[in-house]
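Visitor: The structure under discussion is supplied below as structure tokens; questions concerning it will follow.
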Amino acid sequence: MKILHTADWHIGKILHKHPLYEEMDRYFEFLLETIKKEKIDLLLVSGDIFDSSNPGIRDKKLYFDTIIKLYQANIRVVITGGNHDSIGELNAPKQVLSAINTTVVGGAPENIEDQIIEITNDKNDIAVVVLAVPFLRDRDLRRDQLDKTYEDRTAAIKAGIKDHYHNLADICEKKYKAYPVIAMGHLFAEGASTSESERDIHVGNQAAVKSTIFPPTFDYVALGHIHRPQLVAKQEHIRYSGSPIALSFSEKGDKKSMEIIEIKDAKVKSIKQIDIPKYRSLISISGSLDVVEEKLRKFSTEDPLPTFLELKIKEETFSALTIAKVEELVSSYQEKESLKILKHQTNFEKGQQDTASLFQTGLSIEDISPKEVFKKRLEAEKLEKEKQTMLLDAFQELLEETE
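Sequential numbering from 963 applies to the sequence shown in my numbering.
Now the structure itself:
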């Protein structure tokens, strides 16, 4: 049996006011081509199917169209919810989707065994057991528990995640000892290399888990949440597949990929990484205004989709005329076919451009996370460090509850 591990599709993602549907369409075409070429039997999608908990009509259409095409390709699919996903939104059509070989676990069910999925072969024998663990929210991990301190809450979340996987492992030891076990997950592991596009989870990522929480019962751990493909703690069988496309400029140099796991004789025979083609480049250009203008004039690309650019202009002395020239430059490139300037900011080494402003000239509110805004506001208040930390922790907890 061959299994393909992917995650973090983030359907509906908008990068600085520009939707990423074109590259998602191309990725799904590549996904289907890979499934047919590699003769994949099972597809695992480890969370963050949508970018928003309230996906639009176009987002849902792309999702359901893809599932139908996967069914037509005669492949079994297991989908789990991520921290961006609405449990109700994912679970609503699960009974219908089960009729076309797609199992959905949007959130942690009351009965933990509902996360255990038996995958059978052509002879209807169990070939592999999948533990479809979605993003575990605080309420799943700390039920009826009121932690007194920030440290207590962090420790309780870590312990809750570990207990969840160990409870599943205990069941597998009793019922599925003869079969390979693949665990899914959507979480933050210690030491993972992050980008700017992941949303903080579990007390601002402070409740990061160690690779040792996964019992040796697990033959492979298919993780989601982190957008860069990578091993966890150098363990070959514990991996983040990463997002299939770049979701922020911090990922501009990342190679995107998926993982193929081959099962033979009830064991993992091989793990192979499949590179995803780059459909669009994300490029940062920095320097003085003259230098940036020159680089823009010389710019060219061979990518199938227009390049997205961010400009970081650095000048020595503040000048309103420079700001006006930057805006004029950006405006002049709006109609270009080969590139689009999505983001620009201008910094001056000398001179105060706006005594009331907390951020650099050129940044829009879409470029700034709520946590960054609150942190800057705290700094402006000149509060004691201990009080700032306490307020930031409280804000992070409220933010996670609302999300």
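Here a beta-carbon is modelled for each residue, glycine too, at the ideal position from N, C-alpha and C. Here the structure is a predicted model, which means the values were calculated and not measured.
Unbroken beta strand (DSSP E) runs of length 3 or more, entirely within the region 1186 to 1236: which are they?
Guide: 1192 to 1194, 1197 to 1202 and 1219 to 1226
Visitor: Use the C-beta contact count for S1246: other C-beta atoms within 10 angstroms, 16 or more gives buried, fewer gives exposed.
Guide: exposed
Visitor: Tell whether a beta-carbon distance below 9 angstroms holds between E985 and I1222.
Guide: Their beta carbons are not under 9 angstroms apart, which means E985 does not touch I1222 by this criterion.
Visitor: Between A1184 and L1006, is the Cβ-Cβ spacing less than 9 angstroms?
Guide: yes
Visitor: So is A1282 buried or exposed if we call it buried at 16+ other beta carbons inside 10 Å?
Guide: exposed
Visitor: When the distance is taken between beta carbons, is T1042 closer than 9 angstroms to G1186?
Guide: Yes, Cβ-Cβ distance for G1186 and T1042 is below 9 angstroms.
Visitor: In the DSSP assignment, what are the bridge partners of Y1182?
Guide: I1144
Visitor: Measuring CA to CA, which of L1301, K1240 and D1237 is closest to A1259?
Guide: Note that residue 1259 is Arg in the sequence shown here, rather than Ala. It is L1301 whose Cα lies nearest to the Cα of R1259.
Visitor: Suppose the cutoff is 6 angstroms on Cβ atoms and the five residues either side in sequence are ignored; what does the same chain contact list for Q1350 look like?
Guide: Closer than 6 angstroms at Cβ, skipping near neighbours: L1340.
Visitor: Find the nearest neighbour of L1004 within the set G1204, F992 and I965, judged by alpha-carbon distance.
Guide: I965
Visitor: Only counting runs of 3 or more residues, tell me where the beta strand (DSSP E) segments fall wholly within the region 1083 to 1143, in order along the chain.
Guide: 1088 to 1093
Visitor: Beta-carbon separation of G1009 and P1096 under 9 angstroms?
Guide: yes
Visitor: Just checking my contact of L977 with L1304 at CB under 8 angstroms: how many whole Å lie between their CB atoms?
Guide: 6 angstroms
Visitor: On the DSSP letters alone, give me the boundaries of the alpha helix (DSSP H) that F1026 sits inside.
Guide: I1019 to Q1034
Visitor: Evaluate G1215 with the Cβ neighbour count: other Cβ atoms within 10 Å of its Cβ, from every protein chain shown; 16 or more gives buried, anything less gives exposed.
Guide: exposed
Visitor: Take D1013 and list the residues in its own chain whose beta-carbon comes closer than 7 angstroms to its own, dropping the five residues that flank it on each side.
Guide: H972, I973, G974, K975 and H1046
Visitor: Go to F990, then tell me how far its alpha helix (DSSP H) extends in each direction, as first and last residue.
Guide: Y983 to E1000
Visitor: If you scan the region 1265 to 1320 from start to end, which runs of the alpha helix (DSSP H) of 4 or more residues do you find wholly inside it?
Guide: 1282 to 1294
Visitor: With distances taken between CB atoms, is the gap from S1248 to I1275 smaller than 9 angstroms?
Guide: yes
Visitor: Ordered along the chain, which non-local residues of its own chain (more than five positions away) have a Cβ less than 6 angstroms from that of V1194?
Guide: Correct list, in chain order: A1151, S1173 and I1200.
Visitor: Apart from the five residues on each side of it in sequence, which residues of its chain come closer than 7 angstroms, Cβ to Cβ, to T1082?
Guide: The answer, listed in chain order, is I1088 and A1089.
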